[in-house]
Amino acid sequence: MRPAGQYADSWKYAQIGLELAAGVLLGFWGGYWLDKKLGTLPWLTLAGAASGLTAGFYLVAVQLFPEGEGKR
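Listed below in structure tokens is the structure:
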């Protein structure tokens with residue numbers, strides 16, 4: 000019989016990876032959509048992917064380093 004929380008860390012890290020990937024993909028898709036509408040390909044696609052990556056890293060940092068932990 001496995002302990003109830005055995006996979007808790009695995010799910011936590013899987014969630015972090017999915018949040019990072021989702022941020023990049025949503026930013027890429029949004030930038031690509033705007034590029035097609037405005038005819039500015041590839042600039043908004045790159046900007047969207049970069050902003051998605053930034054947002055993804057922010058979410059990773061919030062998950063890994065919760066506020067208040069480790070402060071004296």
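Position 51, counted from 1, in the sequence shown is what numbering that gives the first Met the number 0 calls 50; the numbers after and before it change by one each time, with no gaps. Ideal Cβ positions, reconstructed from N, Cα and C, are used throughout, including at glycine.
- Gly26 counts as buried, since no fewer than 16 other beta carbons sit within 10 angstroms of its beta carbon.
- Distance from the Cα of Phe56 is smallest, within the candidate group Gly22, Gly67, Pro65, for Gly22.
- In the three-state reduction of the DSSP assignment, Phe27 falls in the helix class.
- By alpha-carbon distance to Glu18, the top candidate from Thr53, Leu43, Gly30 is Thr53.
- Between Gly29 and Leu45, the gap from beta carbon to beta carbon reaches 8 Å or more.
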